[in-house]
Amino acid sequence: MTRTAEQRRTDAKVVYDAYMALCPTRQVMATVGDKWAGLVVNALADGPRRHGELRTRIAGASQKMLTQTLRALERDGLVTRTVTPSVPVRVDYELTALGRSLLPVLQALKAWSETHIEDVLTAREAYDAREAANA
Numbered sequence: 001m002t003r004t005a006e007q008r009r010t011d012a013k014v015v016y017d018a019y020m021a022l023c024p025t026r027q028v029m030a031t032v033g034d035k036w037a038g039l040v041v042n043a044l045a046d047g048p049r050r051h052g053e054l055r056t057r058i059a060g061a062s063q064k065m066l067t068q069t070l071r072a073l074e075r076d077g078l079v080t081r082t083v084t085p086s087v088p089v090r091v092d093y094e095l096t097a098l099g100r101s102l103l104p105v106l107q108a109l110k111a112w113s114e115t116h117i118e119d120v121l122t123a124r125e126a127y128d129a130r131e132a133a134n135a
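For the sequence shown, the UniProt record's numbering assigns the number 135 to the last residue and increments by one with no breaks.
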């Protein structure tokens, strides 16, 4: 029996399950779940930014950490790096379509964190007090 290309593609599809030890989705989750990556993706939501603009926007991010994060996001296809030859050379970072598809999730996480930080801080204080009392 002859199979169509579509049938062969359907048969060849791999089922990914992040709960499986060797699933490559774990690597993506680790990259995207990194605090710096989430902040970078959110910072790029309004359009392209230069490295220095991102460092200014994301307080506490060292040049090295920001560079590593941007490289990881570029490797995963979430960010593009555009070099414009000029003096000095201009480098812009921008979300790809894939990166923009991640925005709703990371923007929701950012909003949730900002809305519930007082509850989290209260829970941490209570936990730490219990741990100190049991020590």
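Just so you know, even glycine gets a beta-carbon here, dropped at the ideal spot from N, CA and C.
Secondary structure at Leu44, three-state DSSP: helix, strand or coil? As a working note, residue 44 is residue 44 in the sequence shown. Note: Leu44 maps to coil in three-state DSSP.
Note down, one range per segment and in chain order, each alpha helix (DSSP H) of at least 4 residues found wholly within the UniProt domain "HTH hxlR-type" (23 to 121). Runs of the alpha helix (DSSP H) spanning 4 or more residues and lying entirely within the UniProt domain "HTH hxlR-type" (23 to 121) occur at 25 to 33, 35 to 43, 51 to 57, 63 to 75, in chain order.
Touching by the beta-carbon criterion (3+ pairs, under 8 Å), the segment 76 to 86 and the segment 60 to 68: no
Would you tell me roughly how many angstroms separate the C-alpha atoms of Val40 and Ala59, rounded to the nearest one? Taking the sequence shown and counting its residues from 1, one reaches residue 40 at position 40. Taking the sequence shown and counting its residues from 1, one reaches residue 59 at position 59. Roughly 11 Å between the two C-alpha positions.
Tell me whether Thr2 sits in a helix, a strand or coil according to DSSP, three-state version. Position 2 of the sequence shown, counting from 1, holds the residue named residue 2. Thr2: coil per DSSP, three-state reduction.
Cβ pair Val89, Arg50 closer than 8 Å: Locating residue 89 in the sequence shown gives position 89, counting from the first residue. Locating residue 50 in the sequence shown gives position 50, counting from the first residue. In this structure, Arg50 does not lie closer than 8 Å to Val89 by Cβ.
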